[in-house]
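Please read the structure below before turning to the comments.
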Amino acid sequence: MQYIWIVLVFLTLFAFLVGYLKLVSFALIIVLLITTFIKGQLVADYFMDLKNVKNSYRFIPTIWLTFVISMIAVAYFLPITE
Amino acid sequence: MITNEIKKQHPPGDFGVWVIVYVEFITFGLLFLGYAFSRRADVELFNQSQLLVDQRLGFVNTLILITSSFFVVKAIQAVKKFDTKKASEVASKWLLAAMALGGTFLVVKMFEFTAKFEQGINLSTNKFFMFYLLLTVFHFMHVLLGTVILFNIRQKTKIGGYTQEDHVGMESGATYWHMVDLLWIVLFPLIYIIR
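Right, dumping it as structure tokens:
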């Protein structure tokens, strides 16, 4: 379980450094959104202990994360028309 | 096929707490999308305002919540692994550490809010800060409630109230706490980092 915590810390540090060092770009926003999904899924699977629960329950946080993060990507990348 | 057979039929904790979790997912999900789509109306305003939020405090608070969640997992593992007496002793320590981190999160957030209020920033400053305050204050209240729940779980743990066979109450409180962590995991990059 400590490996999960280490991965979460590492991905959080990565997100912070991208923001703090002002490295945010189109490609890195995609990477940040993917790492956010991975972090959320790790919390759901290992901390909430849904990994070995029936898929109909396990996939609720997964569907939520997929929908919310995808829509955030749409909001950021969809061209803005005047 | 074999994997399906050994999968648990229900998630850990009481079903009621999962209903709360799903409602919170919908509520916060709508707020996250409200922020993301409102930003499209004035990207420059959002980007300029975002420069005023302290990414370092957001980062520290993310580490705090992730670590606190991890400590709660350790507490549950202790209850499942040890006899009631030892479980009570070990789990209480993990829960105390988790609570302390919850309290630290609240202090850091209060510091952050105070700094913003002293700069004259409030809900009506602009749309970015309306969302920033709405989301972070709303989440703050969840952390506060979660810390109170952890306190109550710890009180029961101390008197041996959870055993290897019966720890549903503890799992329910833990589920709430992990949800608070999960919501922050999305909130942090959205409000503090991505621009």
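Protein sequences appear in the order of chains A and B.
Here the first sequence stands for residues 3 to 84, where the numbers follow the working numbering.
Here the second sequence stands for residues 3 to 197, where the numbers follow the working numbering.
From the three backbone atoms N, C-alpha and C, an ideal C-beta is built for every residue, glycine too.
- Here DSSP, grouped into helix, strand and coil, assigns residue 55/A to strand.
- Listed in chain order, the positions of the segment 29-43 of chain B with a beta carbon within less than 8 Å of a beta carbon of chain A are 31, 34, 35, 38, 39, 41 and 42.
- Neighbours of residue 177/B across chain A, judged by C-beta separation under 7 Å: 50.
- Using a Cβ distance threshold of 7 Å, residue 23/A and residue 41/A do not count as a contacting pair.
- Residues 52 and 63 of the same chain have their beta carbon placed closer than 6 Å to that of residue 46/A, with the five preceding and five following residues left out of the count.
- Ranking 10/B, 72/B and 49/B by CA distance to the CA of residue 197/B puts 49/B first.
- Contacts with chain B at 7 Å (Cβ-Cβ) do not include residue 83/A.
- Interface residue (Cβ-Cβ distance to chain A less than 7 Å): residue 151/B is not classified as such.
- Annotated three-state conformation of residue 10/B is strand, per DSSP.
- Residue environment analysis places residue 88/B among the exposed positions, since fewer than 16 neighbouring C-beta atoms fall within 10 angstroms of its C-beta.
- For residue 65/B, the C-beta contacts it makes with chain A under 7 Å involve 11 and 14, in order along the chain.
- Scanning its chain for C-beta atoms nearer than 8 Å, with the 5 sequence neighbours on each side dropped, one finds around residue 132/B the residues 125 and 126, in chain order.
- Its chain contains 90 and 94 as the residues whose beta carbon lies nearer than 8 Å to that of residue 160/B, once the 5 sequence neighbours on both sides are disregarded; these appear in chain order.
- Taking the Cβ atoms as the reference, residue 180/B lies roughly 5 Å from residue 50/A, within the contact range of under 8 Å.
- Note that the segment 21-38 of chain B does not touch the segment 145-158 of chain B; fewer than 3 beta-carbon pairs, one per stretch, sit closer than 8 Å.
- By the beta-carbon neighbour count (other beta carbons within 10 angstroms, threshold 16), residue 69/A is exposed.
- Counting along the chain, the unbroken alpha helix (DSSP H) around residue 22/A starts and ends at 4-22.
- Cα atoms of residue 20/A and residue 38/A: separation of roughly 13 Å, rounded to the nearest angstrom.
- Around the Cβ of residue 71/A, a 10 Å sphere holds 16 or more other Cβ atoms; the residue is buried.
- Neighbourhood of residue 64/A in chain B, by CB distance below 9 Å: empty, with the nearest CB roughly 11 Å away.
- Chain-order list of chain A residues neighbouring residue 164/B: empty, with the shortest C-beta distance near 15 Å, by a criterion of under 9 Å.
- Inter-segment contact for the segment 24-31 of chain B and the segment 67-82 of chain B is absent: fewer than three beta-carbon pairs are separated by less than 8 Å.
- In this structure, residue 178/B and residue 151/B form a Cβ contact; the two beta carbons are roughly 6 Å apart against a cut-off of 8 Å.
- Along the segment 71-85 of chain B, going in chain order, the ones with a CB nearer than 7 Å to a CB of chain A are 71, 72 and 75.
- In the structure shown, residue 110/B adopts helical secondary structure according to DSSP, grouped into three states.
- Against residue 9/B, the close residues of chain A are 54, 55 and 56, in the order they occur along the chain (beta-carbon pairs closer than 7 Å).
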